[in-house]
Each structure stands twice: as C-alpha cells, then as structure tokens.
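Notes to accompany the following structure.
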Amino acid sequence: MKKLLGIVVLVLLWSGSAFSKTINSYEDLDLTSKPKKVLSKSKTKALWNAFSKAKECFEHPTYGEGFGYKLTKQKEDYFIKKKWITPFYKLSDEDKHKISLSRAPKPLEKIKLDESYGEELEEANFAMNYFQEAAYAGRASNNEENINKIKAVLLDWAQKDALRKGINVSWGKKPVDWQMMVLINSILTTTAVIADKLDAEERKILGPWLNNLVKKVAKSRWKDRQDNKAYLTSYITMIWGLMINDLKAVQHSIDVVKLAINDMRPDGSFPIDTQRSGMGLKYNADSYGYLLMMASLLKDTTEQDLFKYNVDGRSLHNGADFVIKGIMDPSKTNQIYAISCPGGGDRWGSIEKPSKSFIKSSTYLMVYVSKFPDYKNSDVVLKKYNDTYNNKYLPKIKSEPSRVFTLHPMLITK
58 MKKLLGIVVL
68 VLLWSGSAFS
78 KTINSYEDLD
88 LTSKPKKVLS
98 KSKTKALWNA
108 FSKAKECFEH
118 PTYGEGFGYK
128 LTKQKEDYFI
138 KKKWITPFYK
148 LSDEDKHKIS
158 LSRAPKPLEK
168 IKLDESYGEE
178 LEEANFAMNY
188 FQEAAYAGRA
198 SNNEENINKI
208 KAVLLDWAQK
218 DALRKGINVS
228 WGKKPVDWQM
238 MVLINSILTT
248 TAVIADKLDA
258 EERKILGPWL
268 NNLVKKVAKS
278 RWKDRQDNKA
288 YLTSYITMIW
298 GLMINDLKAV
308 QHSIDVVKLA
318 INDMRPDGSF
328 PIDTQRSGMG
338 LKYNADSYGY
348 LLMMASLLKD
358 TTEQDLFKYN
368 VDGRSLHNGA
378 DFVIKGIMDP
388 SKTNQIYAIS
398 CPGGGDRWGS
408 IEKPSKSFIK
418 SSTYLMVYVS
428 KFPDYKNSDV
438 VLKKYNDTYN
448 NKYLPKIKSE
458 PSRVFTLHPM
468 LITK
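Each residue of the sequence shown is one higher than the one before, counting from 58 in the working numbering.
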C-alpha cells in the first residue's frame with residue numbers, strides 16, 4: 058500500500074511539474090498561484106522592518122536574495138519562422154506626426170564603464186536618445202522612410218554585435234550595468250515598436266543578437282530581490298517574451314510581479330528601495346512603475362489580469378497609493394523608512410529633503426488611472442499630470458517620454 062501511494066505521489070509530482078512547464082497559450086499563464094521563494098510571514102515582517110535594524114542602507118540581513126532567470130536561447134530558425142508582434146499601444150494609424158530622426162549613433166561594440174555611483178557614459182546616453190526618438194517615430198506615425206532608417210540602424214548594430222563586451226559591472230554577481238540595461242531596453246523597445254514590419258531575414262539578424270543581450274540582462278541578479286533594477290530586468294524580459302512569443306519568459310516576469318506584491322508593505326511601499334535616503338521615493342517609484350507597466354502590458358496584450366493578484370489585502374493598487382502619498386508630501390513620506398545611504402542615495406538628497414525627480418517621471422500613473430478611472434486618487438493624478446502633456450512630437454500626448462520606458466507610458470499601454 059505504501060509503495061502504491063509513493064508511486065501515486067511521484068506521478069502527481071511529475072505531472073504537476075510537467076503541467077507547470079507547459080505554456081502553449083496566454084490562457085496557460087499562471088496569475089494566481091503562490092510563486093516560489095515566498096518568505097514566511099515572520100520573515101516578511103522582518104523584511105518590512107529591516108530599515109529599523111540597520112545603521113545604513115543594505116546593512117541588514119538579506120531576507121529575499123536576488124536571483125536571475127535563464128532565458129531560452131532560441132535557434133535561428135525560430136526567428137525566421139515565427140512572426141513578431143508589438144505589445145505596445147499605437148496612438149494613431151494616420152500619419153499626422155512629422156518626426157525627423159537625429160543623427161544615428163555608431164554601434165557601441167565595446168563599453169568601458171565608469172562604475173562610480175550615478176556616473177553615466179555620454180555615448181550611451183546619445184544612443185538612448187536616438188532610440189527614444191526612433192521608438193516615437195515608429196509608434197506615432199507611419200512614415201516608411203523613418204521606418205527604413207530605423208531598421209538600418211538596428212541591423213547595423215546587430216551585424217556588428219554591438220554591446221558584446223563591457224556591459225557587466227565588476228562587483229557582486231556582475232549584473233548588467235543599470236545604464237546599459239536602460240540602453241538595451243531602448244533598443245528592444247524600438248525593435249518591438251516595428252516588430253510586425255520586420256521580415257524573416259531581418260528577424261534572422263536581429264533575433265540572435267537581441268536574444269543574447271536580453272539573456273545577459275535576465276541572468277543579472279542583485280543582493281536583494283526587492284530592487285528596482287531587478288524589476289527593470291523583468292520588464293525587459295517581458296517585452297522580449299511578448300514580442301517573440303516566449304511564454305516561459307512572460308511567466309517568469311509574472312512571477313516576479315507576484316513575488317514583489319508578497320514583499321510589499323501593506324501601505325504599498327517597497328522595503329529595500331524606500332530606505333535609500335534622499336533617493337528612497339525615487340527608487341520606490343521606479344519599482345512600482347516597472348511592476349505597473351508589466352501588469353498593464355500583460356493585460357493589454359493577453360487579457361490576463363495581474364491587478365487581481367492579492368496577498369492579504371496587498372496588491373498593485375496599494376503601490377499606487379504610496380507613490381501618490383510621496384508626490385503629495387515628499388519630505389514627510391520619505392522620512393517614514395529612509396535611512397543613511399552613503400553609497401546609494403545620499404548624493405541627490407537627504408532623508409528630510411529627498412530628491413523630487415520621481416514626481417516628473419511618475420506620469421505612468423496616468424496609465425493606472427486610465428485603467429481604473431474610479432480609483433480614489435484619480436483626481437489627484439489627473440490634476441497633477443493631465444495638463445502637462447506638452448511634447449514636440451505628439452499633440453495628444455504632450456509630456457516627456459520616459460527615459461527608462463523609452464516611450465511615453467501612454468504609448469506603452471492603453
């Protein structure tokens with residue numbers, strides 16, 4: 058009898074494992090079950106209160122260790138046979154927007170990083186600015202000349218294997234540098250914007266190159282899993298997964314969002330990012346922005362709703378509450394959790410006088426309000442951002458595009 062029960066258990070375990078790895082359609086995505094690595098209730102509360110135990114940021118036990126993802130390396134044939142889709146929202150099918158592209162950046166084949174906190178490479182920023190313009194050109198108009206120019210630049214970068222060396226930092230587990238991730242995201246977003254216009258030969262060239270870059274990003278890990286950089290990593294992974302129909306990659310990003318909600322405090326704040334002194338609110342807002350956009354992209358593209366995921370009353374709705382609380386009263390809100398952070402937060406603000414840069418970049422809250430018009434803080438968000446949409450590219454969307462999202466949030470998701 059015991060032997061029979063053992064066989065039954067093994068069969069159930071095997072079938073459960075096999076089922077969990079079989080994702081053939083959007084309907085197979087798991088948005089409800091508890092993700093792996095969820096902390097116990099006692100350790101979750103210890104994570105929430107880590108800021109009160111440490112003299113400086115990061116000087117506390119690691120309650121949720123950072124982790125990476127082993128992205129599938131697709132064969133060349135996969136890119137040739139499978140058409141790509143764009144997961145982004147198109148403003149209009151009419152060519153009303155005259156966008157002139159800037160001078161194209163030369164492929165950055167080898168990178169020499171300045172790893173000092175907050176330092177960035179000028180040539181990488183130049184390239185990011187170009188791909189941001191290119192993404193707008195591809196999303197806001199149907200100008201065939203611009204599309205062909207963008208294709209030419211992307212193909213040139215791919216054929217020269219740009220960013221093949223030097224994009225990883227030397228410390229920790231050697232993740233991809235933050236600025237390099239933002240650059241890779243801008244390249245991937247630009248590609249995804251015109252994904253349905255790429256033919257088999259173009260996908261054959263771009264696919265393996267982008268696959269390798271996103272694979273390096275996905276593999277990246279930091280000390281704590283609650284880190285805005287970890288969520289940016291998953292955001293990039295989700296765009297890739299949706300574009301090429303790698304649903305395992307999409308599922309991984311879904312699990313990261315679910316795990317983030319498990320780690321989030323009841324007031325919607327994120328425990329590691331909020332402790333970072335003068336940048337606490339900024340990093341917290343970045344964390345929420347990536348999570349919100351992943352859930353929004355998923356809902357728009359697949360009709361699968363991560364906003365319904367709930368852990369003891371905590372959901373993505375709570376995250377919006379805390380970001381707005383910070384916008385309304387930055388100093389008071391930052392002082393709740395911020396502690397000294399000499400190596401990652403003190404440079405651009407203090408506990409009492411935090412950086413307010415996150416207020417300008419939190420236009421993504423308009424995406425939240427558009428999905429939840431009856432939200433209790435909708436009026437606050439609308440009053441703050443609705444009349445600031447004033448951009449040279451788009452008459453209907455006037456505020457600045459997001460540097461980390463590349464496109465304006467309202468072009469990423471409805």
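Ideal placement from N, C-alpha and C gives every residue a C-beta, glycine not left out.
Based on the DSSP secondary-structure assignment, which residues constitute the bridge partners of residue i?
i      : result
Ile396 : Arg333
Glu122 : Asp281
Glu113 : Ser397
Lys368 : Correcting the residue type first, residue 368 is Val in the shown sequence and not Lys. According to DSSP, Val368 bridges with Arg371.
Lys167 : Lys222
Tell me which residues share the same chain as residue i and place their Cβ nearer than 6 Å to its Cβ, disregarding the 5 neighbours each side in the sequence.
i      : result
Phe136 : Arg260, Lys261 and Gly264
Asp312 : Pro92
Ala191 : Ile207 and Thr247
Lys231 : Asn225
Asp378 : Gly325
Ala219 : Pro164, Leu165 and Glu166
Val95  : Asn319
Trp266 : Ala215
Ordered along the chain, which non-local residues of its own chain (more than five positions away) have a Cβ less than 7 Å from that of residue i?
i      : result
Lys441 : Ile384
Arg322 : Trp105 and Pro328
Leu240 : Ala181, Ala184 and Met185
Arg196 : Phe145, Lys147, Leu148, Val250, Leu464 and Leu468
Ala103 : Tyr120
Thr470 : Tyr146, Met350, Ser353, Leu354, Asp357 and Val424
Gly125 : Ala275, Lys276, Ser277 and Arg278
Val307 : Leu86, Met295, Gly298 and Leu299
Leu348 : Tyr288, Val314, Ala317, Leu373 and Gly376
Tyr450 : Confidence is the limiting factor: at Tyr450 the pLDDT is only 49, short of 50, which leaves the residue's position unreliable and the question unanswerable from this model.
Val233 : Ile224, Asn225, Lys273, Val274 and Ser277
Lys100 : Tyr120
Residue i: buried (16+ other C-beta within 10 angstroms of its C-beta) or exposed?
i      : result
Met423 : buried
Trp279 : buried
Asn205 : exposed
Glu179 : exposed
Lys382 : buried
Asp479 : Absent from the structure is residue 479, since the part of the chain shown begins at 58 and ends at 471.
Pro458 : buried
Arg282 : buried
Asp482 : Limits of the chain in this structure are 58 at one end and 471 at the other, which puts residue 482 out of reach.
Asn367 : exposed
Asp369 : exposed
Pro411 : buried
Met58  : Legend: pLDDT at Met58 = 49, less than 50; position of this residue unreliable, value from coordinates given subsequently. So Met58 counts as exposed.
Tyr174 : exposed
Pro466 : buried
Asn81  : exposed
Ile64  : No answer about Ile64 holds up, because its pLDDT of 43 lies below 50 and its placement is not dependable.
Ala215 : buried
Pro162 : buried
Pro387 : buried
Asp330 : buried
Lys286 : buried
Ala342 : buried
Trp228 : exposed
Residues in its own chain within less than 8 Å of residue i by CB, not counting five upstream and five downstream?
i      : result
Asn443 : Met423
Lys217 : Pro164 and Glu166
Ile396 : Phe108, Ala111, Lys112, Glu113, Cys114, Gln332, Ser334 and Ile408
Asp152 : Bear in mind that a pLDDT of 49 at Asp152, under 50, signals an unreliable position, so the model cannot answer this.
Thr143 : Ala249, Val250, Ile251, Ala252, Asp253 and Met300
Leu212 : Glu259, Ile262 and Leu263
Thr129 : Asp303, Lys305 and Ala306
Tyr187 : Leu158, Ser159, Arg160, Ala161, Pro162 and Val210
Met238 : Val274, Ser277, Lys286, Leu289, Thr290 and Ile293
For the ligand FMN, any of its heavy atoms closer than 7 Å to the Cβ of residue i?
i     : result
Asp85 : Questions concerning the ligand FMN fall outside what the structure shown contains, since it holds no ligand whatsoever.
Terminal residues of the continuous alpha helix (DSSP H) containing residue i?
i      : result
Phe44  : With the chain running from 58 to 471 in the structure shown, residue 44 is simply not present.
Trp405 : Looking at the DSSP string, Trp405 is not in any alpha helix (DSSP H), and its letter there is neither H nor E.
Met321 : Per DSSP, Met321 belongs to no alpha helix (DSSP H) and is neither H nor E.
Leu439 : Ser435 to Tyr442
Asn391 : Pro387 to Asn391
Ser82  : Looking at the DSSP string, Ser82 is not in any alpha helix (DSSP H), and its letter there is neither H nor E.
Leu468 : Pro466 to Ile469
Asp134 : Glu133 to Lys138
Tyr425 : Leu422 to Lys428
Leu178 : No alpha helix (DSSP H) holds Leu178; DSSP gives it neither H nor E.
Lys98  : Lys98 to Trp105
Against chain D, does residue i count as a neighbour if the rule is that its beta carbon must be under 8 Å from one of theirs?
i      : result
Tyr292 : Protein chain content of the structure displayed is limited to a single chain, and chain D is not contained in it.
>> Quick check on the DSSP output: what are the complete alpha helix (DSSP H) runs of length 4 or more inside the stretch 198-266, in order along the chain?
In response: 201-216 and 235-250
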